[in-house]
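In what follows, a single structure is set out as structure tokens and then discussed.
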Amino acid sequence: PLGGVAFDLDGVLTDTARAHFRAWKRLADSLGIPFDEAANEALKGVDRMGSLALILGDRPGFDAERRGALAAGKNRWYLEEIDSFGPSDLFPGAREALESCRAAGLAVTLASASRNAPLLLRKLGIEAMFDIVVDPAAVANGKPAPDIFLAAAAAVGVAPPAMLGIEDSAAGVTAIHAADMAALGIGPPGSLPDADRLIPSIADFRLADYAGAA
Ligand code: G6P
Ligand code: MG
10 PLGGVAFDLD GVLTDTARAH FRAWKRLADS LGIPFDEAAN EALKGVDRMG
60 SLALILGDRP GFDAERRGAL AAGKNRWYLE EIDSFGPSDL FPGAREALES
110 CRAAGLAVTL ASASRNAPLL LRKLGIEAMF DIVVDPAAVA NGKPAPDIFL
160 AAAAAVGVAP PAMLGIEDSA AGVTAIHAAD MAALGIGPPG SLPDADRLIP
210 SIADFRLADY AGAA
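In terms of the numbering used here, the sequence shown opens at residue 10 and continues consecutively.
Have a look at this one:
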């Protein structure tokens with residue numbers, strides 16, 4: 010039976026996937042590097058420095074110091090994007106999804122790669138709904154590695170096969186499966202082909218649809 014759920018944050022519970030895209034686009038434009046929404050798909054779920062590495066590719070002249078400055082600049086633009094975020098920026102159905110998991114007695118965990126996740130949870134008013142928020146800085150390897158999902162399961166003492174991971178990114182779905190969990194994808198039809206099940210948005214989440222759910 011299902012014992013816990015590991016939620017991704019950006020693009021699952023709130024529309025920050027757009028905010029990350031706009032901040033990366035601003036950075037790429039400032040460097041004259043082509044970047045569009047298709048290229049952005051590969052960045053979803055990938056941590057800050059990993060995303061920057063994907064944008065820069067093998068272009069020369071970007072040492073660690075310059076990369077650090079560029080990543081810090083992107084984060085300032087991102088923080089501008091989410092400055093006015095509040096509870097109304099939760100996706101429709103997000104709060105209800107979290108509440109239904111809690112009401113069923115499931116462990117509710119957050120497995121987001123974002124260093125900004127605690128800030129965002131406070132802004133959205135949902136920080137109290139999680140039993141544990143994994144600190145991405147404390148795991149060795151980012152998505153698509155399973156580390157953050159394994160850390161979520163370990164923190165609440167639930168065996169990974171009894172966990173459901175919920176993700177909007179391909180890297181995240183790969184990470185969930187690598188952790189030996191079931192993967193619920195959030196996205197339009199045809200996206201995330203590796204997900205065990207795909208729903209268009211968190212508003213379509215019904216706990217009873219998941220095998221063994223309470
Ligand atoms: C999430 C987003 C990514 C973002 C990553 C790191 O996984 O999907 O787009 O790059 O978090 O976010 P951060 O807020 O730490 O830069
Ligand atoms: Mg995401």
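For glycine and all other residues, C-beta sits at the position ideal for the given N, C-alpha and C.
Can you tell me where the beta strand (DSSP E) with residue i in it begins and where it stops?
i	result
Met-58	It is not in any beta strand (DSSP E) - Met-58 instead sits in the alpha helix (DSSP H) that spans 57-65.
Ala-80	Where Ala-80 is concerned, there is no enclosing beta strand (DSSP E), although the alpha helix (DSSP H) it sits in stretches over 73-91.
Phe-16	13-16
Arg-206	206-208
Leu-193	191-195
Note down, in chain order, each residue of its chain lying with its Cβ closer than 8 angstroms to the Cβ of residue i, except the 5 sequence neighbours on either side.
i	result
Phe-100	Val-21, Leu-22, Thr-23, Asp-24, Ser-210, Ile-211 and Ala-212
Leu-18	Thr-25, Leu-119, Ser-121, Ser-123, Ala-126, Leu-129 and Leu-130
Met-58	Arg-76 and Ala-80
Are there 16 or more other CB atoms within 10 angstroms of the CB of residue i, so buried, or fewer, so exposed?
i	result
Ala-116	buried
Glu-4	Past the boundaries of the shown model lies residue 4; the chain is included only from 10 to 223, so the question cannot be answered.
Asn-49	buried
Pro-202	exposed
Gly-194	buried
Ala-147	exposed
Gly-196	buried
Gly-12	buried
Leu-36	buried
Ala-192	buried
Need the endpoints of the alpha helix (DSSP H) that residue i sits in, please.
i	result
Arg-111	103-112
Leu-9	Because the chain in this structure spans residues 10 to 223, residue 9 falls outside the shown range and cannot be described.
Arg-68	Careful: Arg-68 lies outside any alpha helix (DSSP H) and carries neither H nor E.
Ala-51	First-last for Ala-51: undefined, no H or E at that position.
Asp-38	25-40
Considering only residues of the same chain and omitting the five flanking positions on each side of residue i, which have a CB-CB separation below 6 angstroms?
i	result
Ser-109	Leu-216
Ala-94	In the sequence under discussion, the amino acid at residue 94 is Phe, which differs from the Ala named in the question. The residues are Lys-132.
Ser-200	none
Under 7 angstroms Cβ to Cβ from residue i, same chain only, skipping five residues before and after it: list those, please.
i	result
His-29	Asp-19 and Tyr-87
task = Go through the region 101-187 residue by residue and report every complete run of the alpha helix (DSSP H) that reaches 4 residues or more, in order.
result = 103-112, 126-133, 156-165 and 179-187
key: Environment of the ligand MG in chain order, Cβ to heavy atom below 7 angstroms   = Asp-17, Leu-18, Asp-19, Gly-20, Val-21, Ala-26, Lys-53, Gly-54, Glu-176, Asp-177, Ser-178 and Gly-181
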